[in-house]
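Numbering (this note's numbering), first residue to last: 16 to 265.
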């Protein structure tokens with residue numbers, strides 16, 4: 016009987032061991048990467064036992080929050096400049112920064128036939144308003160402004176801007192009909208190699224600066240095994256395949 020109890024106790028300890036060592040990692044994720052990160056987080060939790068808490072929003076706002084002491088462990092930015100700044104300022108774990116994805120910008124409308132495949136709808140300028148993320152807060156907004164500048168259309172179209180503080184809010188403006196069309200992240204409307212709905216023009220990458228998106232582990236989490244594990248998990252072939260499925264380049 017005692018032997019059976021010892022065996023049972025050993026089995027319980029073995030089963031609970033992963034749970035006893037499980038940690039929580041708090042992740043600040045750029046709004047454009049919310050959908051893929053939810054999928055990645057689910058897989059990571061299943062594979063490691065660690066818990067992921069996600070907060071999504073604008074890169075510029077996250078930078079200010081991190082500098083003010085917000086309790087994030089990992090930051091998945093919509094650009095490469097903000098993580099580099101955190102690195103230079105000593106707010107990131109040295110050597111942790113890497114590019115996890117390169118995004119694509121798309122001009123999109125939830126209605127079929129509104130946006131043509133070459134973006135000529137911009138030159139026609141027959142729409143009432145167009146949603147654009149705040150360029151000072153959101154890299155995708157900055158890319159939209161660059162695109163219009165290079166097309167020579169910024170001066171005539173800017174008065175029609177409906178501005179969102181993040182690419183997530185910008186997408187909501189368009190999908191709800193509060194803006195007829197808008198510049199958003201391709202990942203927000205892309206699935207299985209095509210647009211999920213509506214009509215869109217994938218903006219040529221030559222019209223704006225590359226949307227390189229960097230991840231960085233923050234110094235508050237240097238002793239958090241879940242944070243380090245997530246950073247490594249993001250580099251796996253399995254996760255890279257998930258990221259590509261949303262229209263990103265890796």
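Just so you know, even glycine gets a beta-carbon here, dropped at the ideal spot from N, CA and C.
This one's a predicted model, so the numbers in the text were calculated from it and none came from an experiment.
According to DSSP, simplified to helix, strand and coil, what is residue i?
i	result
residue 243	helix
residue 272	With the chain running from 16 to 265 in the structure shown, residue 272 is simply not present.
residue 105	coil
residue 41	strand
residue 146	strand
residue 99	helix
residue 129	coil
Do residue j and residue i come within 8 Å of each other at the CB atom, strictly closer than that value?
i	j	result
residue 145	residue 180	no
residue 88	residue 253	no
residue 155	residue 120	yes
residue 258	residue 51	yes
residue 158	residue 224	yes
Nearest-angstrom Cα distance between residue i and residue j?
i	j	result
residue 240	residue 97	24 Å
residue 49	residue 203	9 Å
residue 106	residue 78	10 Å
residue 193	residue 148	14 Å
residue 32	residue 218	Here residue 32 scores only 41 on pLDDT, less than 50, and its place in the model is too uncertain to base an answer on.
By Cβ distance, which residues of its chain are closer than 7 Å to residue i, with the 5 residues on each side in sequence left out?
i	result
residue 140	171 and 172
residue 37	64, 65 and 66
residue 22	Because the pLDDT at residue 22 is just 46, under 50, the model does not fix this residue reliably, and the value given afterwards should be weighed accordingly. Taken in chain order, the list of residues that qualify is empty.
Please report the residue range of the alpha helix (DSSP H) in which residue i lies.
i	result
residue 252	252 to 259
residue 203	Careful: residue 203 lies outside any alpha helix (DSSP H) and carries neither H nor E.
residue 139	135 to 139
residue 190	182 to 190
Considering just the uninterrupted stretch of the beta strand (DSSP E) at residue i, what are its terminal residues?
i	result
residue 115	113 to 118
residue 70	66 to 72
residue 54	Taken as a continuous stretch (DSSP letters only), residue 54 belongs to no beta strand (DSSP E), being part of the alpha helix (DSSP H) at 49 to 63.
residue 91	89 to 91
CB-CB under 6 Å to residue i, same chain, minus the five flanking residues each way: which ones, in chain order?
i	result
residue 70	43
Take residue i and list the residues in its own chain whose beta-carbon comes closer than 8 Å to its own, dropping the five residues that flank it on each side.
i	result
residue 56	42, 67 and 69
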